Amino acid sequence: MSVLRPLDKLPGLNTATILLVGTEDALLQQLADSMLKEDCASELKVHLAKSLPLPSSVNRPRIDLIVFVVNLHSKYSLQNTEESLRHVDASFFLGKVCFLATGGGRLS
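Per this note's numbering, residue 1102 is the first one in the sequence shown, and the count goes up by one each step.
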């Protein structure tokens, strides 16, 4: 298990890899499917993870963007995101990380 660094692997030619991190599998899969349906000039790859760190793997592609999906009505979702952030190198936060908040429209 290791810290994710933005420049630890060489980029693929015309390829972008997005990592979606969140506790809601169905939502992550739906988001990934929607992203893959869009026309894109480059090849888009989407990987899903419940949390970080990811297992160390030589075959893992370079991650170009990390999207943390946080459910505003779930304390566990926020805690999971906070714990996962510890495994992301600070240089990733220069345009390679975003947070997607869900559940804002629901009444509690």
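Idealized CB from N, CA, C, for every residue including glycine.
Since this is a predicted model, take the numbers as computed values, not measurements.
Asked: Which residues does DSSP pair with Lys1146 in a beta bridge?; Found: Thr1118
Asked: Which of helix, strand or coil does DSSP assign to Thr1124?; Found: coil
Asked: Identify which residue in Ser1158, Asp1190, Arg1161, Val1122 has its Cα closest to the Cα of Val1104.; Found: Asp1190
Asked: Tell me which residues share the same chain as Ser1143 and place their Cβ nearer than 7 Å to its Cβ, disregarding the 5 neighbours each side in the sequence.; Found: Asn1115, Thr1116, Ala1117
Asked: Drop a sphere of 10 angstroms on the beta-carbon of Thr1181, count the other beta-carbons inside from all chains shown, and report buried for 16 or more, exposed for fewer.; Found: Thr is not the amino acid found at residue 1181; the sequence shown has Asn there. Classification of Asn1181: buried, given that the 10 Å Cβ count is 16 or more.
Asked: State the start and end residues of the unbroken alpha helix (DSSP H) segment that holds Asn1181.; Found: 1176-1186
Asked: What residues are listed by DSSP as bridge partners for Val1170?; Found: Leu1201
Asked: Does the separation of the CB atoms of Ala1133 and Leu1120 fall below 8 Å?; Found: no
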